[in-house]
Structure formats: C-alpha cells, structure tokens
Amino acid sequence: MPPNSASAPAREVVPSGATTAATVPGWRLNFAAGFVPLIAGLTTLVTSWVNVARGDAPLWTGLGQLPFSYSDLAGVGPGAAAWLELNGSVGGVNIVAAAIAVIVVSRFALREGRRWAWWFLAFCLVWVGLHDATLATRFFAATGQPVMVLPYTYVALMTAGLLRSRRAVFPNPAD
C-alpha cells in the first residue's frame, strides 16, 4: 500500500536536528510564533492565580487593572468568582498547550516539509490566532485596557511563515 500523501514530505526528509539548505523556508517564523501564545498563556495563568490570591485587590490583567476585585464577584452571584477562576486557569493551560503544539510541529514537521504540518498550523492561525486577536480587540475597546500586541504578533508571524513555506510544502508540478 502506498504511503499517505498527506503525511509524506513534499521533498526529501531532513533528519531532525540537521541543518541544511533543504529545510523549508519560513518554518522559523512559525516556530517563533509559538512562543507568543506561550507567553500569553503563562500570563493568563499567573494573572488568574494572583487575582485569586489577592482577592480584595483590583483585578490585574497583566497590563493594567480592572475597576473591581475578585472578591467583588461574590455580589454578582455565588458561582461568578469560581467561573472566572475556571476560565483563567483552563484557558491559560490550553493556550500553553496549543503554543507547545505550534512550536513542536513547526520545528519537527513543517521544517521537513510535511503537508499535514502546514495545514495544522493554518488551522491554528485561523482558529486560535484570528479568534484571539478579535476577542482581544473587543476586550481592549470595552475596558480601555492597554492593547496587548501578542495576538497580533502571533497572527503576523504565523501568516508570514505559512506564506513563505507554502511553495516548498506544496510545490508547483510545472516547476
């Protein structure tokens, strides 16, 4: 049975760790992009934990403060504080996991020209990048918080890396 063309490299496989001219251009941009949500996810976790630990202090966003505290959420309803803690913790952990996936796939699969890696990273750009940039923009507009450039940096690096690597991963048969 022939190998699955979706998992087959677009050209000769470069052993992991090797550095040759045969590596796919642009993979480093996607690799670097993975560190952006890693920072964002860790920031989300830390700010969530700090806000729970300092319940009476104004809610800290990492760049500024919101005009209410974690303790104030008890007045909203009995589960409001727990809901915020859940979202901050689960969200932060999942952002870190997605970041590590982007870093690993960029380094060990896109670099070698794996088509599935390009498609996975394109999915991450659309699903994670565009979503986060859109919601971050809405948050900044609604709260007046300083604009955190991490979501936009991720989108820019991922887009540049995918555009730069596209021809190497999906070569034109006429070339």
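First residue of the sequence shown? That's 2 in the working numbering, and the numbers climb one at a time after it.
Think of the CB as a built atom: it goes at the ideal place given N, C-alpha and C, for glycine as much as any other residue.
Three-state secondary structure assigned by DSSP to L136: helix
Cβ-Cβ distance between L131 and N31 below 8 Å: no
Minimum C-alpha distance to S49 - residue among V106, A75, W84: W84
Residues that DSSP places opposite Q66 in a beta bridge: W61
Cutoff 8 Å: R167 Cβ touching any chain B Cβ: Absent here is chain B; the protein component of the structure consists of one chain.
Pairwise C-alpha distance: P174 and F140: 46 Å
For G114 and V25, believed in contact at Cβ under 8 Å, the rounded distance: 5 Å
Contacts around V103, its chain only, beta-carbon distance under 6 Å, and the 5 residues preceding and following it disregarded: G35, C125
Whole-Å CB distance - S166 paired with W28, under 8 Å assumed: 6 Å
C-alpha distance - T44 paired with G93, whole-angstrom precision: 8 Å
Sequence-distant residues of the same chain with beta carbon closer than 6 Å to A19, five excluded per side: Per-residue confidence for A19 stands at a pLDDT of 49, beneath the threshold of 50, marking its modelled position as unreliable; no derived number is given.
Coarse secondary structure for R115, derived from DSSP in three states: strand
V37 vs T154 beta-carbon contact at 8 Å: yes
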